[in-house]
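What follows is one structure encoded as structure tokens, with my remarks underneath.
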Amino acid sequence: MTATPFAEFAILLLVAAAAGALFVRLRQPVLIAYIVVGIALGPAGLGWVKAHDQVALLAQIGVTVLLFIVGLKLDLHHVRHIGPVALATGLGQLAFTIAGGFVLTLPLVSSTRALVHALRGAGYAGPIAVTARDEAALQELQRLDVQHIYLPFRDAAVHAAEHLVGVLTVPPASGANP
């Protein structure tokens with residue numbers, strides 16, 4: 001498909017809206033429809049999306065707005081009350097996700113690359129989980145769940161660990177001082 005980025009976005013939005021409406025009628029999560037449309041129209045499917053940088057920017061803006069909305073509804077008293085539980089749950093889920101990703105990718109690549117893939121997988125799981133949870137939670141907005149509080153902490157830890165692994169595993173450029 002050869003079109004301007006604007007035309008690509010318009011087509012993506014129309015297809016995503018149609019798929020979302022279909023999934024609502026089928027009583028399935030709308031997020032699954034969006035993921036299916038992304039896979040079908042992206043490079044792994046039909047390859048219609050050529051404006052990768054623009055789509056990536058919109059994705060980052062979307063997640064940022066979603067987390068901003070969660071922040072607007074955040075009750076600090078509630079955070080203080082369930083903070084330790086949220087932190088323990090988040091760190092436990094982070095450790096489980098990284099360990100599971102490492103074990104699953106270790107037979108396929110070297111141990112260092114398996115760790116990098118596990119960290120990236122844990123990083124990608126956060127936005128998907130918060131989006132899936134918020135789709136239903138933002139309709140009520142009366143109560144805030146533990147899930148909303150620990151995800152930013154977990155994501156920050158994943159990104160810090162991912163950068164650390166990247167720094168430790170990338171060889172220095174030729175001619176650089178050791």
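Under full-length UniProt numbering, the residue at position 77 of the sequence shown is numbered 77, and the numbers go up by one with no gaps. We treat Cβ as the ideally placed atom computed from N, Cα and C, and that holds for glycine. As the structure is a computational prediction, the values presented were derived from the model and not from experiment.
Inset, instruction - Decide if LEU14 is buried, meaning its Cβ has at least 16 other Cβ atoms within 10 Å, or exposed. - result: Around the beta carbon of LEU14, fewer than 16 other beta carbons sit within 10 angstroms, so the residue counts as exposed.
Inset, instruction - Identify every run of the alpha helix (DSSP H) within the UniProt domain "Cation/H+ exchanger transmembrane" (14-111), keeping only runs that are complete inside it and at least 4 residues long; order them along the chain. - result: 30-41, 52-72 and 76-105
Inset, instruction - Thinking LEU41 and TRP48 are a contact (beta carbons under 8 Å), I'd like their distance in whole angstroms, please. - result: 5 Å
Inset, instruction - With a 10 Å radius around its C-beta and 16 neighbouring C-beta atoms as the bar for buried, classify PHE96 as buried or exposed. - result: exposed
Inset, instruction - With distances taken Cα to Cα, identify the nearest neighbour of PRO5 among GLN54, VAL36 and ALA18. - result: GLN54
Legend entry - Buried versus exposed, by CB contacts within 10 Å (16 or more), GLY101: Buried is the call here.
Inset, instruction - State buried or exposed for GLY45, treating a residue as buried only when at least 16 other CB atoms are found within 10 Å of its CB. - result: The residue is exposed, with fewer than 16 neighbouring Cβ atoms inside 10 Å.
Legend entry - Expected contact under 8 Å - CB spacing of GLY20 and VAL30 to nearest Å: Contact between GLY20 and VAL30 holds: their C-beta atoms lie close to 5 Å from each other, under 8 Å.
Legend entry - Close beta carbons around ALA17, own chain, < 7 Å, minus the five adjacent residues each side: none
Inset, instruction - Would you mind sorting GLY90 into buried or exposed? The rule is 16 or more other CB atoms within 10 Å of its CB. - result: buried
Legend entry - Spatial distance of GLY38 from LEU12 (CA atoms): 8 Å
Inset, instruction - Rounded to whole angstroms, what's the CA-CA distance from ALA7 to GLY62? Just pull it up for me. - result: If I take the Cα positions, the gap works out to 19 Å.
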